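Trainee:
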Amino acid sequence: MDLEKLLSMQKLCINDNPATCVTECPIHVDVKGFICEIRKGDFEEAYRILSKRMPFINVIGLVCDHPCENLCVTNINGNAISIHELEKAVTIYGSMAKIKTLPIPKIDKKIAIIGGGISGITCAYDLNKKGYSVDIYEKENEIGGSFLKMPEIILNPKLIKEEIIKLEEQGIEIKLNQEITPEKLKDLTLEYDAFFIGSGEWNEKFNVNEVTMQTEIEKVFAGGRIVSGCESVIQSVQTGRCAAVSIDRFVYKKSLTALRAKEGAYKSILKVDIKNEEISPRIKPENGTFTKEEAINEALRCVQCECHKCVKACVHLQKVKLDPKAYIRTINQNERIILGDHYANKTINSCTECGLCGAVCPTSINMADIINETRISMVFRNKMPLSTHDFALKDMEFTNSKYFELIKHQPGMNNSKYVFYPGCQLSASYSEYVIKSYNYLMEKLDGGVGLYLGCCGAPAKWAGRQEQYDSSIEKIKSNLEKLGNPIVITACSTCFSNFGESLKNIRIKSLWEVFDEKGIPLGAKPGNGKTLAVHDACTTRNEKGIQESIRNIAKRLHYEIKEPEFTKQNTKCCGYGGLVYYTNKEFSREVTQDRIKDSENDFLAYCAMCRDLFVLKGKKTYHILDLIYGSGKEEISDMKVPTLSDRRANRFKLKKELLDNLWGEKMEIKDEYNDLKIVFGQELRDKIEDELILEGDIKRVIGYAQKTNDSFYNPENGHILAWKRFVNITFWVEYQKVNDSFNIINAYSHRMEVKGV
Ligand code: SF4
Ligand code: SF4
Ligand code: SF4
44 MDLEKLLSMQ
54 KLCINDNPAT
64 CVTECPIHVD
74 VKGFICEIRK
84 GDFEEAYRIL
94 SKRMPFINVI
104 GLVCDHPCEN
114 LCVTNINGNA
124 ISIHELEKAV
134 TIYGSMAKIK
144 TLPIPKIDKK
154 IAIIGGGISG
164 ITCAYDLNKK
174 GYSVDIYEKE
184 NEIGGSFLKM
194 PEIILNPKLI
204 KEEIIKLEEQ
214 GIEIKLNQEI
224 TPEKLKDLTL
234 EYDAFFIGSG
244 EWNEKFNVNE
254 VTMQTEIEKV
264 FAGGRIVSGC
274 ESVIQSVQTG
284 RCAAVSIDRF
294 VYKKSLTALR
304 AKEGAYKSIL
314 KVDIKNEEIS
324 PRIKPENGTF
334 TKEEAINEAL
344 RCVQCECHKC
354 VKACVHLQKV
364 KLDPKAYIRT
374 INQNERIILG
384 DHYANKTINS
394 CTECGLCGAV
404 CPTSINMADI
414 INETRISMVF
424 RNKMPLSTHD
434 FALKDMEFTN
444 SKYFELIKHQ
454 PGMNNSKYVF
464 YPGCQLSASY
474 SEYVIKSYNY
484 LMEKLDGGVG
494 LYLGCCGAPA
504 KWAGRQEQYD
514 SSIEKIKSNL
524 EKLGNPIVIT
534 ACSTCFSNFG
544 ESLKNIRIKS
554 LWEVFDEKGI
564 PLGAKPGNGK
574 TLAVHDACTT
584 RNEKGIQESI
594 RNIAKRLHYE
604 IKEPEFTKQN
614 TKCCGYGGLV
624 YYTNKEFSRE
634 VTQDRIKDSE
644 NDFLAYCAMC
654 RDLFVLKGKK
664 TYHILDLIYG
674 SGKEEISDMK
684 VPTLSDRRAN
694 RFKLKKELLD
704 NLWGEKMEIK
714 DEYNDLKIVF
724 GQELRDKIED
734 ELILEGDIKR
744 VIGYAQKTND
754 SFYNPENGHI
764 LAWKRFVNIT
774 FWVEYQKVND
784 SFNIINAYSH
794 RMEVKGV
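Note that this note's numbering has the sequence shown beginning at 44, numbered continuously upward.
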C-alpha cells in the first residue's frame, strides 16, 4: 500500500480548519470553542478560552466591535449568532475563572511604547509576557486611549483602572505626562532595543509595512489608529499584537515576514453546509445583557461549524466514530502492525465502498478507494482470513462455472454487434425479466445480440482479491474478443461500472439507456401518477445517462418522481456494497434502514440487490423492470425475495431454460445429492439464510453421511448429527430421516463471522 499517497490524502481534509468566526476575528479568538462551553453552561471555561487570545478581556470583551459576527455562516436575514453579546456574557459570568499566571523570567531587553492607547497597551502586554522590560510613555495623565472616551454605560471606568493596575502589577512601567516627540525618540534610541508608536498622532510621516508594522525608521514599529486609520478596537489590538511579534523577531534577528499569512482576519476554507439546519431568530437580551439562560439558548443556535459532510452522510463513518482523517491515520499506523486483527477486520470490512464520502467531500477524499486498497494489502500480507468473504467468492465461482456461465451469439447468427450481459444478481432475482429483456433486444437491435451469462468479478474486487479480479476480467475480455468485441449491454450497475473501469476498449451501454432510446417494450402499463423515489445504485453514482434514462422511463409510464434526500451523484448504498451484506449482516441492515428513511415514497431501484434488500427491510420497492414487465402492480413492490439458495437455483434454471428455448440445447448437469428431499421450518430457514448456509450444503452433508455412515446417532431422540468440511468451512447438520425425506433440526457452520461494527 502506498503510504505516501495515503498521507497526502489525509492532508486534503479541511475539517481541522478554523470556522469563519475564528478566522475573521483579527486576533483569532476561538469563538466556536467558547460558544461550545456556553452551550454546556460552563462560563468559566468559556472565559478561559476567550482570555487565551484576548488581552484585557474584562474590557475588550465588553466593547469589541465584532467584525466576525456579520460573517458568521448563520447570518441569514440578520440572524447571525450574537457573538458579541455572548462575549459580554462570558466576561460577566465567567470572570471568576481561576486563570493560572506563571512567573515570567525577564530577559535583558527593553522596549518603549509611545502612547498608552489600545494598540500600545496590547503591544506592551504581549512583550511583557515574553519577558521584555516594557515602559509605556503617555502624554496624558492616564492611559487607556479611546477606552477612556467610551460612555460609562458601555464601559465602567472602574474596569479600565483594574486592567491598568494589572499591567503595573505585571511589571510594566507607566510613565504619565511624558510627550515623546520624534526628536526625543532619537535621544532614547540607545536606551531601548525597539519602539512601538501607538499614539493616535505623530508629528512625522512614516510608512508602515502592513504585514510587520515596521516603519522605515531604525527600531521603530507602529500600530493603532495612525496605521489602520479606523476606530476599530479589535483592529487596534491586532496591530499592537502584530507589532509585538515583529519586535520580538527583530530583537532576535529573525525573519520579520516568514509565516505570517494567517495573522489578522482571513477567509476560512472550511465549507459548512447549513441547508438542513433550522436557523431560528436571534435571542434578544431582555434587559440589555444576556442572562445566563439567554446566553445558553443563543449559544445553542450556533451550528458549531465543521465540514464532516462525509460523516453526516455515511452510517459506517458514524458507527466507527472516525472521520476520514482519523481513519486514514489509523490505517497508516496499523498497516504493518495490527491490520488483520479482529478490530481492523471488522472495521475495514464494514465499509460498503459506495463512494458517497468522496461525492460529498469538498476535496474528494474517497474512502472507497482507500478501503479497497487496504483490503488488497491485507490479502497480500495474509491478514485477511479466507473465510471473511468466502461465501461471496464461492458464489462468484458458481456463477462463472458450468452451472450458469453461457456465452452465445444470437440464435441462428454467427456474429454479435451487441452482447447482453444481465449480471448474476438480476438473473438470480428475476430470471424471467432477463429472458424478456433479451427477447426485446434481439427484436430491436440489428447486427446480432449475443448473450453472456456470468459474473463481472465484483465479489473478488470488493474482497480485495485483486489477482482473482484481474483474471476474471481477463477471461471476460478474451470471451468478448471471441464474440468479436461487441457493444456490451448490461442490466446491472456494478457490471456497468466494473466493465467501464476495466474493459477500456469495449463500449458499454445500460439496458435502461436502450429502453429510453429505442422505446419501452410494448405491453408496459402506465402507473396512474403514483409517486416513486428513485434509488440510484451507488456503483453508477457518476453515470448521468443511466440516471436520466430511469427517470425518463418512469415518467413515460406516468409515474411521478420525487427525489430522496440523497440522490443521483450523492446516492447512498443499499447495504449490499463492499460485500458488507455477507461479512456483517447486522450492519448491512443498518445501512439499508438508513437509506430507507431518506424517502416516504415507495422506491424505484434498478439494481436487483438494492430492490431485494429494501423489500427485506419492509420498504415497498419496484425494480424498473417491475414497471415494464410487471405493470407496476402494487403486490410486486413487496413480493417475497429469493433466498440465497433460491438465487443459485434461479441462475441454474435460467441457463437451462434459455439453452432449451432459444438454442434448442438440453443441459445435462446434475448436482450430486440434489434430489434429496429436505424439510425444515421457517425459523431454521431464516437462520441458515443469516448464516450463509445453502440448502445444497445441507444436502451434501446428509448425502455424504448417508453414503459413508460417518455421523453420530442419538438414540434418545433419533437425531443424526453429520458434518462435512468443504475447503475451509465445516458444516454440521442435525436431522431425522422420515420415510424418504430428511427433517432438518439444526444446521450450522464454522465460518468466521464479522459482527459488531
Ligand atoms: S455558526 Fe457558530 S461556529 Fe459557525 S461561524 Fe457562526 S459562531 Fe462561528
Ligand atoms: S465508501 Fe461509503 S461506506 Fe465507505 S466510508 Fe465512504 S461513504 Fe462510508
Ligand atoms: S467531507 Fe470529510 S474528508 Fe472531506 S473535507 Fe470534509 S471532513 Fe474532511
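From the three backbone atoms N, C-alpha and C, an ideal C-beta is built for every residue, glycine too.
These numbers come from a predicted model, not from an experiment.
Can the beta-carbon of residue 581 be found closer than 8 Å to that of residue 398?
Mentor: Yes, the pair counts as a contact, with Cβ atoms nearer than the cut-off.
Trainee: Whose C-alpha, out of 243, 248 and 260, is nearest the C-alpha of residue 266?
Mentor: That would be 243, whose Cα lies nearest to the Cα of residue 266.
Trainee: Which residues does DSSP list as the beta-bridge partners of residue 464?
Mentor: Per DSSP, 533.
Trainee: How many angstroms separate the CA atom of residue 537 from the CA atom of residue 413?
Mentor: Roughly 19 Å separates the two Cα atoms.
Trainee: Using the three-state DSSP reduction, which class does residue 544 fall into: helix, strand or coil?
Mentor: In the structure shown, residue 544 sits in a helix (DSSP, three-state: H, G or I).
Trainee: For the stretch 342-427, list the alpha helix (DSSP H) runs that are entirely contained and at least 4 residues long, ordered along the chain.
Mentor: Complete alpha helix (DSSP H) runs here, min 4: 352-356, 358-363, 367-377, 385-391, 399-403 and 410-423.
Trainee: Please classify residue 584 as buried or exposed, where buried requires at least 16 other C-beta atoms within 10 Å of its C-beta.
Mentor: With 16 or more Cβ atoms within 10 Å of its Cβ, residue 584 is classed as buried.
Trainee: If you measure from each CB to the nearest heavy atom of ligand 1 and keep those under 6 Å, what residues do you get, in chain order?
Mentor: The set, ordered by position in the chain, is 62, 63, 64, 74, 75, 78, 115, 116, 117, 124, 126, 345, 346, 347 and 348.
Trainee: Specify, as a first and last residue, the run of the beta strand (DSSP E) that residue 323 falls within.
Mentor: Run containing residue 323: none; DSSP gives neither H nor E here.
Trainee: Residue 406: beta carbon under 7 Å from a heavy atom of ligand 3?
Mentor: Indeed, a heavy atom of ligand 3 lies less than 7 Å from the Cβ.
Trainee: Going by beta-carbon coordinates alone, are residue 122 and residue 202 separated by less than 8 Å?
Mentor: Taking 8 Å as the Cβ cut-off, residue 122 and residue 202 do not qualify as a contacting pair.
Trainee: If we ignore side chains and look at the alpha-carbon of each, how far apart do residue 99 and residue 323 end up?
Mentor: For residue 99 and residue 323, the distance between alpha carbons rounds to 33 Å.
Trainee: Kindly list the residues whose CB is nearer than 7 Å to the CB of residue 87, restricted to its own chain and excluding five residues on each side of it in sequence; keep chain order.
Mentor: The residues are 137, 139 and 140.
Trainee: Measure the CB-CB distance between residue 626 and residue 656 and report whether it falls below 8 Å.
Mentor: Result no, Cβ atoms of residue 626 and residue 656 do not sit closer than 8 Å.
Trainee: Just to confirm, is the Cβ distance from residue 238 to residue 166 under 8 Å?
Mentor: No.
Trainee: Tell me which residue opens and which closes the alpha helix (DSSP H) that residue 224 is part of.
Mentor: Element bounds for residue 224: n/a, residue is neither H nor E.
Trainee: Please classify residue 706: does DSSP put it in a helix, a strand, or coil?
Mentor: Helix at residue 706.
Trainee: Skipping 5 residues on each side, what residues in its chain have a beta carbon closer than 7 Å to that of residue 357?
Mentor: Excluding positions up to five away in sequence, the list reads 399 and 400.
Trainee: Is residue 542 buried or exposed, if buried means 16 or more other CB atoms sit within 10 Å of its CB?
Mentor: Buried, since its Cβ has 16 or more Cβ neighbours within 10 Å.
Trainee: Threshold first: 4 residues or longer. Then list the alpha helix (DSSP H) segments lying entirely within the stretch 593-660, N to C.
Mentor: Whole alpha helix (DSSP H) segments, 4+ residues: 623-626, 628-639 and 651-659.
Trainee: So what does DSSP say about residue 213, is it helix, strand or coil?
Mentor: Residue 213 falls in the coil class under three-state DSSP.
Trainee: So, under 8 Å CB-CB, residue 722 and residue 786 are touching, yes? Tell me the CB distance rounded to an integer number of Å.
Mentor: Rounded, the Cβ-Cβ distance is 5 Å, consistent with contact.
Trainee: The beta strand (DSSP E) with residue 453 in it runs from where to where?
Mentor: It is not in any beta strand (DSSP E) - residue 453 carries neither H nor E in the DSSP assignment.
Trainee: Skipping 5 residues on each side, what residues in its chain have a beta carbon closer than 8 Å to that of residue 557?
Mentor: 484, 487, 488 and 532, listed in sequence order.
Trainee: Mind checking residue 496: buried by the 16 CB within 10 Å criterion, or exposed?
Mentor: Answer is buried; the Cβ neighbour count reaches 16.
Trainee: Mind checking whether the beta-carbon of residue 328 lies closer than 7 Å to any heavy atom of ligand 4?
Mentor: Among the ligands in the structure shown, ligand 4 does not appear; only ligand 1, ligand 2 and ligand 3 can be found there.
Trainee: Just to confirm my understanding: we take residue 107, look at its own chain, exclude 5 residues before and 5 after, and list those with CB closer than 7 Å. What are they?
Mentor: Hits under 7 Å: 127, 130, 276 and 277.
Trainee: Please report how far the alpha carbon of residue 134 lies from the alpha carbon of residue 146, in whole angstroms.
Mentor: Going from the Cα of residue 134 to the Cα of residue 146 covers about 24 Å.
Trainee: Can you give me the C-alpha to C-alpha distance between residue 74 and residue 308, rounded to a whole angstrom?
Mentor: Whole-angstrom Cα-Cα distance: 13 Å.
Trainee: Could you check what DSSP says for residue 218 in three-state terms: helix, strand or coil?
Mentor: Correct three-state label for residue 218: strand.
Trainee: Could you have a look at residue 304 and say whether DSSP puts it in helix, strand or coil?
Mentor: Three-state DSSP puts residue 304 in coil, outside helix and strand.
Trainee: Any heavy atom of ligand 2 closer than 7 Å to the CB of residue 360?
Mentor: Yes, since a heavy atom of ligand 2 falls inside the 7 Å radius drawn around the Cβ of residue 360.
Trainee: By the three-class DSSP mapping on this structure, what secondary structure does residue 555 have?
Mentor: Correct three-state label for residue 555: helix.
Trainee: Go to residue 283, then tell me how far its alpha helix (DSSP H) extends in each direction, as first and last residue.
Mentor: First-last of the alpha helix (DSSP H) with residue 283: 276-294.
Trainee: Grouping DSSP H, G and I as helix and E and B as strand, with all else coil, what is residue 785?
Mentor: The answer is strand: DSSP assigns residue 785 an E or B state.
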